[in-house]
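Protein chains: 2
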Amino acid sequence: MAMPASIEARYSPRVGALLNLAAHPAESRAPSGNAPIAWRSAGLDRLGSTLAVRRDRVLLHLGDEAGHYHKVASGALRMVRVLADGRRHIVKFLMAGDFFGFSGSQTCAYAVEAIVDSTVVRYSRRGVEGLIDRDPVAGRRLLSLLFGELSDAQERQLALGRKTAVERVASFLLQMADACSCWRRDSFELPMSRTDIADHLGMTCETVSRTMAQLRRAQVIDLPHVHHVTILDRCALERHAN
Amino acid sequence: MAMPASIEARYSPRVGALLNLAAHPAESRAPSGNAPIAWRSAGLDRLGSTLAVRRDRVLLHLGDEAGHYHKVASGALRMVRVLADGRRHIVKFLMAGDFFGFSGSQTCAYAVEAIVDSTVVRYSRRGVEGLIDRDPVAGRRLLSLLFGELSDAQERQLALGRKTAVERVASFLLQMADACSCWRRDSFELPMSRTDIADHLGMTCETVSRTMAQLRRAQVIDLPHVHHVTILDRCALERHAN
DNA sequence: CGAGGGCTTGAGTCCAGTCAATTACTGTGG
DNA sequence: CCACAGTAATTGACTGGACTCAAGCCCTCG
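This is how it looks when you write it as structure tokens:
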């Protein structure tokens with residue numbers, strides 16, 4: 001996996017800041033309302049233990065016991081499902097600030113792999129459930145987090161079911177612009193490969209490549225580097241996304 | 243919308259049984275673990291008010307205030323999203339026993355319409371939240387319900403992104419066999435139109451029709467009536483579903 | 001018994017997939 | 001520091017599965 005040093009640097013962990021989750025810059029982007037802030041105030045940060053995952057390593061295997069909740073502290077991971085004959089689908093990309101690993105069942109229905117060197121905070125299921133029992137506010141915040149996940153998943157369903165290649169890529173770029181941009185809103189790193197994007201959007205890497213080239217030729221985006229996107233005309237991109 | 247009288251009868255409400263949700267036969271199929279039983283025992287049934295929705299009528303409009311939780315008592319409804327140019331996607335079909343209408347945001351991101359004459363029980367959001375605050379068990383059960391929803395949504399993402407027409411239809415039929423079969427496991431009514439199925443599976447009604455004909459020719463299913471499916475060879479159907 | 005809507009089936013088209021060749025990077029080892 | 005190897009990304013030519021358009025059928029209802 002080829003990756004310039006600058007990206008590595010951006011996704012490198014600052015271990016000293018991990019226990020105080022609020023210190024992470026991604027905290028301010030509020031993935032689903034203001035849930036993370038509530039979690040922090042509810043004392044979740046004292047329950048977690050830090051974990052480093054190197055690029056392409058598997059954090060959770062399919063079928064693993066689903067005994068922990070996780071939060072991405074730095075880096076980027078992918079949630080992967082594979083069909084019997086090898087067709088792959090990436091359920092979602094996990095970026096800094098995202099929670100994952102919670103599940104109703106006892107086992108994990110997907111694998112979680114690191115796209116770049118990453119750090120996650122792991123919370124024991126028991127600890128979180130205890131917290132919820134003691135503090136109804138924390139429970140309600142977890143609910144609101146899940147509502148957000150659910151509506152995201154439904155949005156992706158719509159895209160996969162009814163949108164064209166250009167519309168999917170445009171929507172995806174807008175989404176990633178929100179999730180990735182740390183300094184400038186319209187210029188960001190895209191850590192995952194074209195194949196990863198394809199497996200997320202239900203297309204092939206060739207089509208992803210062609211589609212992004214098309215948007216570049218139309219002056220809607222610029223690609224100064226394979227893994228760096230600049231949005232030149234946000235309105236046009238939104239129009240393309242439908 | 244053409245619909246034989248027998249289906250009407252099956253989906254007609256038994257109002258006397260509605261307040262005691264446990265009495266409904268669909269209760270036993272446990273859509274996501276044993277959540278409904280917990281809800282019942284937690285006293286949710288005293289909070290609800292019954293509501294009848296006639297076929298093709300809209301229960302919730304896009305953008306309506308999301309002030310209530312609902313449960314399908316009888317009938318079948320669809321959760322619909324529409325793109326600007328009219329492309330339609332059915333996020334999910336709501337069958338007897340399904341909960342819906344909960345959402346993190348203040349407004350509804352989809353419309354809910356009745357496929358056949360249906361009855362739903364409506365719970366005030368405030369009442370449910372109060373119940374959760376008083377009873378942590380109820381809260382945890384709602385969580386487990388949401389986990390189930392989420393994993394269903396992810397399953398559908400996989401299907402929409404990576405499965406072929408036959409695989410989608412086969413998976414859908416297996417799903418519906420679980421959700422619809424009241425008397426015999428492998429023979430059930432399919433209340434929705436081919437167009438509804440198409441908009442759920444990301445295809446056209448022509449392709450749905452062709453695909454079901456193909457499965458019928460292969461002796462995997464039988465279609466004694468347009469809205470009645472009999473599974474002749476469940477193993478083959480599962481193989482087709484991948 | 002006719003009208004209308006949903007369903008089915010057929011013929012032709014097109015968007016995205018497949019296969020293949022080339023280019024661009026990056027990381028490795030001399 | 002440079003040459004090389006291996007992988008990812010891009011681009012082109014061709015193919016194919018699902019879509020579009022269109023006609024006919026079937027059922028239901030007025």
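Sequence lines, in order, name chains A and B. First residue of the first sequence: 1, per the working numbering; consecutive thereafter. First residue of the second sequence: 243, per the working numbering; consecutive thereafter. Built from N, CA and C at the ideal position, the CB exists for glycine as well.
Asked	Found
Hey, would you say Ala-356 of chain B sits closer than 7 Å to Arg-299 of chain B, going by beta carbons?	yes
For Glu-355 of chain B, report the span of its alpha helix (DSSP H) as first-last.	No alpha helix (DSSP H) holds Glu-355 of chain B; the beta strand (DSSP E) holding it covers 353-356.
I'd like to confirm the pairing. Which residues does DSSP put opposite Met-337 of chain B in its beta bridges?	B:Ala-318
How is the alpha helix (DSSP H) around Leu-465 of chain B delimited, first residue to last?	Not the alpha helix (DSSP H): Leu-465 of chain B falls in the beta strand (DSSP E), residues 463-467.
Who are the neighbours of Val-91 of chain A on chain B, taking C-beta pairs under 8 Å?	Gln-396, Gln-399, Leu-400
As an exercise, report each continuous beta strand (DSSP E) stretch of at least 3 residues that is fully enclosed by the segment 408-443 of chain B, in chain order.	429-431
Alpha carbon to alpha carbon, how far is Arg-452 of chain B from Ala-52 of chain A?	50 Å
Please state whether the Cβ-Cβ distance between Leu-416 of chain B and Ala-483 of chain B is less than 7 Å.	yes
In angstroms, rounded to a whole number, what distance separates the CA positions of Asp-420 of chain B and Phe-341 of chain B?	16 Å
Can a CB atom of chain B be found closer than 7 Å to the CB of Arg-81 of chain A?	yes
By how many angstroms is the C-alpha of Arg-125 of chain A removed from the C-alpha of Arg-376 of chain B?	22 Å
For the candidate residues A:Leu-62, A:Arg-88, A:Thr-119, whose alpha-carbon lies nearest to that of Ser-105 of chain A?	A:Leu-62
Which two residues bound the contiguous beta strand (DSSP E) that contains Ala-478 of chain B?	Ala-478 of chain B -> not in any beta strand (DSSP E); alpha helix (DSSP H) instead, spanning 476-483.
Per the DSSP calculation, Ser-291 of chain B is bridged to which residue(s)?	B:Arg-364
Taking DSSP as the reference, what is the three-state secondary structure of Phe-100 of chain A?	strand
Would you kindly work out how many angstroms separate the C-alpha atoms of Arg-329 of chain B and Leu-47 of chain A, rounded to a whole number?	46 Å
Would you list the residues sitting across from Arg-307 of chain B in a DSSP beta bridge?	In the sequence on display, residue 307 of chain B carries Glu and not Arg. Its beta-bridge partners are B:Thr-349.
Is the beta carbon of Gly-161 of chain A sitting closer than 7 Å to the one on Gly-372 of chain B?	no
Using only alpha-carbon positions, find the residue among B:Val-411, B:Cys-350, B:Gly-343, B:Val-322 that is nearest to Val-314 of chain B.	B:Gly-343
Please list the partners that Ile-132 of chain A has in chain B, where partner means a Cβ-to-Cβ separation under 9 Å.	Pro-378, Gly-381, Arg-382, Leu-385
Check whether the segment 357-364 of chain B touches the segment 154-168 of chain A, counting contact only when three or more Cβ pairs, one atom from each stretch, lie closer than 8 Å.	no
Would DSSP call Leu-145 of chain A helix, strand or coil?	helix
Distance cutoff 7 Å, beta carbons only. Does His-470 of chain B sit that close to anything in chain A?	no
Here's the rule: buried if 16 or more other CB atoms are within 10 angstroms of the residue's CB, otherwise exposed. What is Val-379 of chain B?	exposed
Which residue comes first and which comes last in the alpha helix (DSSP H) that contains Thr-207 of chain A?	205-217
Span of the beta strand (DSSP E) holding Thr-472 of chain B?	470-473
So, at 6 Å on beta carbons, what are the nonlocal neighbours of Val-265 of chain A in its own chain, with the 5 sequence-adjacent residues on each side left out?	Look at the range of chain A in this structure, 1 to 242, and you will see that residue 265 of chain A is not part of it.
Can you tell me whether DSSP reads Arg-323 of chain B as helix, strand or coil?	strand
Taking its Cβ as the centre, do 16 or more other Cβ atoms sit within 10 Å of Ser-49 of chain A, making it buried, or is it exposed?	exposed
Counting contacts by CB-CB distance shorter than 7 Å, is Glu-480 of chain B in contact with chain A?	no
Using a Cβ cut-off of 7 Å (strictly closer), state whether Phe-430 of chain B contacts chain A.	no
Return the residue from the list A:Thr-204, A:Leu-190, A:Glu-206, A:Cys-205 that minimises the CA-CA distance to Thr-230 of chain A.	A:Leu-190
Between the Cα of Met-434 of chain B and the Cα atoms of B:Glu-307, B:Phe-414, B:Asp-428, which residue gives the shortest distance?	B:Phe-414
Does Val-392 of chain B get closer than 7 Å to chain A when you measure Cβ to Cβ?	This sequence places Leu at residue 392 of chain B; Val is not what is there. It does: the Cβ of Leu-392 of chain B has a partner Cβ on chain A nearer than 7 Å.
Once you ignore the five residues that flank Val-370 of chain B on each side, which residues in its own chain have a CB closer than 6 Å to its CB?	Tyr-311
Buried or exposed: Cys-477 of chain B, going by 16 or more other Cβ atoms within 10 Å of its Cβ?	exposed
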